[in-house]
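Okay, so the sequence shown: first residue is 1 according to full-length UniProt numbering, each after it adds one. Backbone N, C-alpha and C define an ideal beta-carbon position, used for all residues, glycine too. Below is one structure, written out as structure tokens; comments come after it.
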Amino acid sequence: MKQQVALAAVTTTAATVMAVVALVRQYWKAKQDRQWGKCQRILRKFSRDCSTPVPKLWQVANAMVSDMGASLSSSDEATSSLNMFVSYASPLPTGINEKGMYYGVNLRQTKILMVCGRLQGKNQPISDLYVDEVPIPSSVMIGTSQELYDYIAAELVKFLSAHPEKDDEAPANDKKLGFTVSSGDDQSTAISGSNIKLKNFAADTTGVKDLITGMNRALEKHGLKLRVHALVSIFTCLHYSINIVYKRHFRVDSDSRIEQVDDIVGNLAGGRYYDKDCVAAITLGMGTNAAYVDTTQSAPRWHDSLPKKGEIVICMEWGNFNTCHLPITQYDTSLDAASSNPGRRIFEKMISGMYLGEIVRRVLVRMAQEAALFGQSVPPKLLIPYLLRSPDMAAMHQDTSEDREVVHEKLKEIFGITNLTTMARELVAEVCDIVTERGARLAGAGTVAIVKKLGRIANRRSVIIMEGGLYEHYRIFRNYLHSGVWEMLGNELSDNIVVEHSHGGAGTGPLFLAASPTPDS
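Set out below in structure tokens:
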């Protein structure tokens, strides 16, 4: 009898334990289901807020066209989020007559990039292309400006000796040298009036005219038949011939802050060399900008400073574009508020590589905090701003493995997140997709806006050159951009806009500018 009672007690206890275990499992499953449902709701709302249907894209494009016109207007009453300027007022290459060996130099913060290549005219590709990067010694960095110019000239002697012209194309007179100056990502190089400031050099402020004179003096001293190529750069308010093409152009805005502008003039020059219908160049990398070719009559604001006729290149600095039609979310708002330039560069913060990964991270933080996506505690590294870079985001997004192994590896490597379910990995990839699709389609809307401003959509072929790692290496971003342009224009008009990657390769901009025809005046 005692054995039966004991057996019954054990059985009852076991049943109770099993019931408790079942209840605990049921509780945790219900909790996990609620948390997953919360993640899904966050995702769906984010997707709705980022939506870019064709009518929305046209609203954005039309707003940009309106701001472009207002920015170029001579009226003081015209308002625009854009502050465009003429960045190049000399002829661009024709692709027909540019033949021979051309040379270019890009002065960077701590390095010199030298490039040379042979153009063959008739829109033929570059041959014999060579690029060499040389560090600037510390002794030169702390020396005088002229010592810097002499160092550049001496390095050019070595470079030209290694890559000489053919005997039958040696110039009888001095040949043009494309010369560009790059600021670093720290935005430390600036131009104000007629001065250039190079942060890393002891003699860090020099006049534009002094730089040209000093550089040409050094070239002559070292026996080089090269002279820095002429460029009229009216936004600097200089009324003498300026013999330098800036890799980054600068302007002073109304609140006296120095602004940088990516140089895409060289890319545009290269595009025009290969195709006479190239009308614009767009940079889509860590930053973004756009420039396009128009007539002098299109810029009444600078009418008195421009040639009476001919083409000009207008730099849009379109990262500053803003309109109520942009699909801005709470994550964009918080990113902007925490940035070093709140309220500015709104378009750039939605489409450029610097910010795409950060938007994804902010969405994941909310899912982790409110829905325990990565467990009951938020991974500490997930709270570090800008830790998720766009290349890593692209790798996760473009992961085609069955269980999203790349997503798993990247989250582990970057944030220390492990033991993530396949469903959670899929969700992370979906967040990447939403951010990428929105950014790419907005960039496509900007592309259409440029062509519309030029009045070329309906009946003229227009080639748009794209440059930058985001466009070049992020396949899904590139595809979304193309599909957005196609959807906006439809079957009948989409063939009129050709979007393609830039020709020539990185660093060739100064070379194409050196090949540009010399202006008549």
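CA-to-CA distance, residue j to residue i, given in whole angstroms
i, j, result
"Gly469", "Arg389", "12 Å"
"Val407", "Phe347", "28 Å"
"Asp336", "Tyr102", "43 Å"
"Tyr386", "Val105", "33 Å"
"Glu155", "Tyr149", "10 Å"
"Asp76", "Trp58", "27 Å"
"Lys308", "Leu113", "36 Å"
"Gly461", "Gly285", "The amino acid at residue 461 is misidentified as Gly; the sequence shows Arg. Going from the Cα of Arg461 to the Cα of Gly285 covers about 26 Å."
"Glu311", "Val86", "10 Å"
"Arg304", "Tyr88", "A small correction: the amino acid at residue 304 is Asp; Arg does not occupy that position in the sequence shown. Spanning the two alpha carbons is a distance of roughly 15 Å."
"His397", "Gly287", "20 Å"
"Glu500", "Phe159", "31 Å"
"Asp403", "Leu411", "14 Å"
"His325", "Pro55", "10 Å"
"Gly214", "Ala153", "11 Å"
"Glu220", "Pro300", "40 Å"
"Ser81", "Pro391", "30 Å"
"Thr296", "Leu306", "7 Å"
"Trp28", "Gln35", "Per-residue confidence for Trp28 stands at a pLDDT of 47, beneath the threshold of 50, marking its modelled position as unreliable; no derived number is given."
"Lys225", "Lys122", "26 Å"
Unbroken alpha helix (DSSP H) run spanning residue i, endpoints
i, result
"Met286", "Counting along the chain, Met286 falls outside any alpha helix (DSSP H), and DSSP gives it neither H nor E."
"Ile152", "Ser145 to Ala162"
"Ser80", "Where Ser80 is concerned, there is no enclosing alpha helix (DSSP H), given that its DSSP letter is neither H nor E."
"Ser483", "Arg475 to Leu493"
"Glu370", "Gly353 to Ala371"
"Gln59", "Val54 to Leu72"
"Gly509", "Gly509 to Ala514"
"Tyr331", "Gln330 to Ala338"
"Ser138", "Ser138 to Met141"
Chain-order list of residues whose beta-carbon lies under 7 Å from that of residue i (same chain, five-residue window excluded)
i, result
"Asn267", "Ala281, Ile465, Glu467, Ser502 and Gly509"
"Glu147", "Val140"
"Pro93", "Ala269, Arg272, Tyr273, Phe512, Ala515 and Ser516"
"Gly507", "Asn106, Leu113, Val115 and Val131"
"Asp49", "Pro327 and Thr329"
"Asn419", "none"
Other residues of its chain near residue i: CB distance less than 6 Å, five sequence neighbours each side excluded
i, result
"Tyr130", "Cys116 and His163"
"Gly504", "Ile126 and Gly270"
"Tyr355", "Lys349"
"Tyr352", "Note on identity: in this sequence residue 352 is Ser, with Tyr being the wrong assignment. These residues qualify, in order along the chain: Gly287 and Thr288."
Reduced DSSP secondary structure (H/G/I, E/B, other) of residue i
i, result
"Leu129", "strand"
"Gln35", "helix"
"Asn376", "The question names Asn, but residue 376 is Gln in the sequence shown. In this structure, Gln376 counts as coil in the three-state DSSP scheme."
"Thr436", "helix"
"Tyr292", "strand"
"Glu402", "coil"
"Met396", "helix"
"Met316", "coil"
"Lys176", "strand"
"Glu165", "coil"
"Ser87", "strand"
"Asn216", "helix"
"Tyr471", "helix"
"Gly504", "coil"
Where the beta strand (DSSP E) through residue i begins and ends
i, result
"His501", "Ile497 to His501"
"residue 526", "No answer is possible for residue 526: the residues shown for the chain start at 1 and end at 521."
"Lys276", "First-last for Lys276: undefined, no H or E at that position."
"Leu119", "Lys111 to Gln120"
"Leu224", "That residue, Leu224, is in no beta strand (DSSP E); it is neither H nor E in DSSP."
"Ser462", "Ser462 to Glu467"
Contact belief for residue i with residue j at Cβ below 8 Å, rounded distance in angstroms
i, j, result
"Arg441", "Thr52", "4 Å"
"Phe374", "Ile417", "5 Å"
"Ala372", "Ala61", "Actually they are not in contact, since the Cβ atoms of Ala372 and Ala61 sit about 41 Å apart, beyond 8 Å."
"Val265", "Val313", "5 Å"
"Glu84", "Glu317", "Strictly speaking, residue 84 in this sequence is Met, with Glu absent from that position. The pair is a contact, with the Cβ atoms about 6 Å apart (cut-off 8 Å)."
"His473", "Ala394", "7 Å"
Cβ neighbours of residue i in the same chain (closer than 8 Å, five flanking residues each side left out)
i, result
"Phe46", "Thr329, Tyr331, Val363, Val431 and Ile434"
"His378", "Inspection of the sequence shows that residue 378 is occupied by Val rather than by His. Val365, Ala368 and Gln369."
"Glu405", "Asp399"
"Glu492", "none"
"Ala429", "Met396, His397, Asp399, Arg404 and Val407"
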